[in-house]
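J.: For the sequence shown, the positions run 152 to 384 when the working numbering is used.
Idealized CB from N, CA, C, for every residue including glycine.
First the structure, then my questions, so here it is.
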Amino acid sequence: MMMNKYYSGRNKNGDEEMPDTTSPTVEFISIAKEFRHEYVVEKSRFITTVYPCSTEEDAQSFIARINKEFWDARHNCTAFALGPKQEQQRSSDNGEPSGTAGKPMLEVLKKTGITNVAVVVTRYFGGIKLGAGGLIRAYSHSVAETLRLAPKELHTTRTQLQAIIDYALYGTIERYLQDAQLHYEATFGQKIDLTILVPPIDIERIQKELQDMSHGATTCNVLDAIEVVLPLD
Numbered sequence: 152m153m154m155n156k157y158y159s160g161r162n163k164n165g166d167e168e169m170p171d172t173t174s175p176t177v178e179f180i181s182i183a184k185e186f187r188h189e190y191v192v193e194k195s196r197f198i199t200t201v202y203p204c205s206t207e208e209d210a211q212s213f214i215a216r217i218n219k220e221f222w223d224a225r226h227n228c229t230a231f232a233l234g235p236k237q238e239q240q241r242s243s244d245n246g247e248p249s250g251t252a253g254k255p256m257l258e259v260l261k262k263t264g265i266t267n268v269a270v271v272v273t274r275y276f277g278g279i280k281l282g283a284g285g286l287i288r289a290y291s292h293s294v295a296e297t298l299r300l301a302p303k304e305l306h307t308t309r310t311q312l313q314a315i316i317d318y319a320l321y322g323t324i325e326r327y328l329q330d331a332q333l334h335y336e337a338t339f340g341q342k343i344d345l346t347i348l349v350p351p352i353d354i355e356r357i358q359k360e361l362q363d364m365s366h367g368a369t370t371c372n373v374l375d376a377i378e379v380v381l382p383l384d
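Set out below in structure tokens:
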């Protein structure tokens with residue numbers, strides 16, 4: 152998997168760059184982009200919008216935008232979780248009976264572990280009352296299903312492994328990297344210079360396997376660890 156677009160840093164010109172850091176970070180999953188899904192129960196429409204954010208200011212700005220977009224809805228209930236371990240959490244029932252909307256929405260976030268995300272569930276009343284239990288189930292299902300469908304990404308640390316190989320080995324090693332689901336970048340010169348993102352715990356094993364499959368013809372160098380954002384299927 153070619154990896155160049157998944158580096159997390161940007162330089163002062165806005166171009167992508169590889170941050171130079173050896174400090175490990177806490178690994179966490181977030182969503183890759185704003186995503187929306189609609190669920191209908193007893194003629195009530197539950198429109199769930201999820202949004203990636205890293206600060207409360209970002210979350211509140213998103214919530215205000217959705218409130219403006221769906222100004223005519225009966226309720227715009229909210230929840231967000233921020234920080235690698237969801238250290239910051241908040242929710243609101245926005246007029247629904249206490250504990251039937253915001254809290255169950257937040258509980259779904261906590262169970263999935265997905266963080267740096269804000270959620271708004273917009274409800275258009277369909278004329279049939281759902282009761283407290285029905286509301287809890289509807290709001291919970293709406294958030295869970297939207298998070299399941301939304302594109303997600305992994306925020307983590309990877310060690311850069313440089314592997315210099317002959318062109319004759321490229322097909323074999325490329326298939327190996329793809330099968331191992333390792334992201335890499337290739338530079339083509341007199342030889343092929345691969346920069347491979349490897350989980351730190353696997354660095355020695357990957358080096359050995361590259362050497363073995365090339366019968367010692369691969370030159371490997373361990374470079375800096377970097378913070379990366381990788382797509383999840």
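Report the rounded CA-to-CA distance for ARG356 versus TYR321, giving the unit in angstroms.
T.: Those two C-alpha atoms are separated by around 19 Å.
J.: Rounded to whole angstroms, what's the CA-CA distance from ASN227 to ILE217? Just pull it up for me.
T.: Each residue's Cα considered, the two are about 8 Å apart.
J.: May I have the straight-line CA-CA distance separating ASP375 from VAL177, to the nearest angstrom?
T.: So the alpha carbons of these two residues sit roughly 17 Å apart.
J.: CA-CA distance, THR266 and ALA319?
T.: If you take the alpha carbons of THR266 and ALA319, they lie about 43 Å apart.
J.: Closest Cβ-Cβ distance between ASP209 and chain B: below 9 Å?
T.: Of the protein chains in this structure there is only one, and it is not chain B.
J.: Taking a contact to mean a Cβ-Cβ separation below 9 Å, would you say THR199 touches VAL272 in this structure?
T.: Yes, they are a contact pair.
J.: Over the uninterrupted alpha helix (DSSP H) stretch that includes ARG356, give me the two end residues.
T.: From DSSP, the alpha helix (DSSP H) with ARG356 extends over 354-364.
J.: Helix, strand or coil for LYS236? Go by DSSP, reduced to three states.
T.: Looking at LYS236 - three-state DSSP - the assignment turns out to be coil, as it is neither helix nor strand.
J.: Report the rounded CA-to-CA distance for GLY250 versus ILE214, giving the unit in angstroms.
T.: Their backbone Cα atoms lie some 19 Å apart in a straight line.
J.: Starting from TYR202, follow its DSSP beta bridges and name the residues at the other end.
T.: ALA269.
J.: Pull up the CB-CB distance for SER242 and LYS261, whole angstroms please, since I reckon it's below 8 Å.
T.: Wrong, their Cβ atoms sit about 10 Å apart, outside the cutoff.
J.: Mind the definition here: the region 289-306 touches the region 338-354 only if three or more C-beta pairs lie below 8 Å; say whether that holds.
T.: In short, these stretches do not touch, since the Cβ pair count stays below three.
J.: By Cβ distance, which residues of its chain are closer than 7 Å to ALA283, with the 5 residues on each side in sequence left out?
T.: Answer for ALA283: PRO248, THR251, listed in chain order.
J.: Buried or exposed: where does ILE279 fall if 16 or more other Cβ atoms within 10 Å of its Cβ makes it buried?
T.: Burial call: exposed.
J.: Give me the DSSP bridge partner(s) of THR310.
T.: Its beta-bridge partners are VAL349, ALA376.
J.: Between which residues of its own chain and THR423 is the CB-CB distance below 7 Å, once the five residues before and five after are set aside?
T.: Examination of residue 423 is not possible in this model, given that the chain is present from 152 through 384 alone.
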